[in-house]
Each structure stands twice: as C-alpha cells, then as structure tokens.
Amino acid sequence: MDRASDTDVPAAVSCADCEACCCRLEVLLAGEDNVPVRFTAEDRWGGSVMRRLADGWCAAVDRDTMRCVIYERRPDVCREYRMGDSDCIVERRRFFARQTDDHA
Numbered sequence: 711m712d713r714a715s716d717t718d719v720p721a722a723v724s725c726a727d728c729e730a731c732c733c734r735l736e737v738l739l740a741g742e743d744n745v746p747v748r749f750t751a752e753d754r755w756g757g758s759v760m761r762r763l764a765d766g767w768c769a770a771v772d773r774d775t776m777r778c779v780i781y782e783r784r785p786d787v788c789r790e791y792r793m794g795d796s797d798c799i800v801e802r803r804r805f806f807a808r809q810t811d812d813h814a
C-alpha cells in the first residue's frame, strides 16, 4: 500500500487549491460559538459539534463554491485554523494519503 509522500502534497496552499481538507474534520463547538442550530449536531458523548453530511463534509460548506455559508458565524476553532499552517499541512498530508489509498 503506497502512502502519499511529501512530494505528492502541493507545497503551497491557496484558496484555489486548498481542497478544504479541514472541512472534513469533526469540529467541536464551544459554549460561546454562535453557529446556527441547523448546522449543529450532538456527538455520541453529548457534545455539540458541527453537523456533517453523510460523506463527511461539514454541512456549512457550499460544495459549488467551497466556501463557508456561515463564515461570519463560524466557530472559533475554524477562525483559528489557518490555511498553510502546520495543522493544515498535516491534515493535507493525511487527506492526500487517503486519496492515494482509495485509488490503489
């Protein structure tokens, strides 16, 4: 089973090619988050999380534009997640590795 190497993951990240990998992660909500209820769910431990669609995508992502439809009310964790930072790069590597495994 081949894993995506560092060379398989684009080095630079921009809005045009980010793949929105972070929009497939579970997002825990904090008490001060002001996310519209229709975009929230309860996890198996009773915590509040962003609702995810059957395919794992965050329900607040417009799949045509790949933009957050609640950008002004997005959770703090989403506000703190920075495109191209170390967390982003790690998640992109995981995403591309899964893509490689799925097509192997």
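When the letters of the sequence shown are read in order and numbered with our numbering, they come out as residues 711 to 814.
Note that the Cβ used here is the ideal one computed from N, Cα and C, for glycine as well.
Alpha carbon of residue i to alpha carbon of residue j, nearest angstrom
i	j	result
E782	R773	18 Å
L738	R808	23 Å
S715	F806	Confidence at S715 is low in this model, with a pLDDT of 45, below 50, so its placement is unreliable and no value can be given for it.
S724	S796	14 Å
P751	L763	Going by the sequence as given, residue 751 is Ala instead of Pro. Approximately 11 Å, taken between the alpha carbons.
M793	W755	29 Å
V787	P746	15 Å
Residue from the options whose Cα sits closest to the Cα of residue i
i	options	result
E709	V779, I780, M760	This structure cannot speak to residue 709, because the chain is shown only from 711 to 814.
F749	D765, S724, E742, R784	R784
For residue i, the residue or residues it bridges with in DSSP
i	result
D772	R777
V759	L738, A751
Residue i at chain D interface by Cβ criterion, 7 Å
i	result
A740	No chain D appears in this structure, which consists of one protein chain only.
Delimiting residues of the alpha helix (DSSP H) encompassing residue i
i	result
V787	786-790
- Query: Would you say the region 731-742 touches the region 784-804, given that touching needs at least three Cβ pairs under 8 Å?
  - Reply: yes
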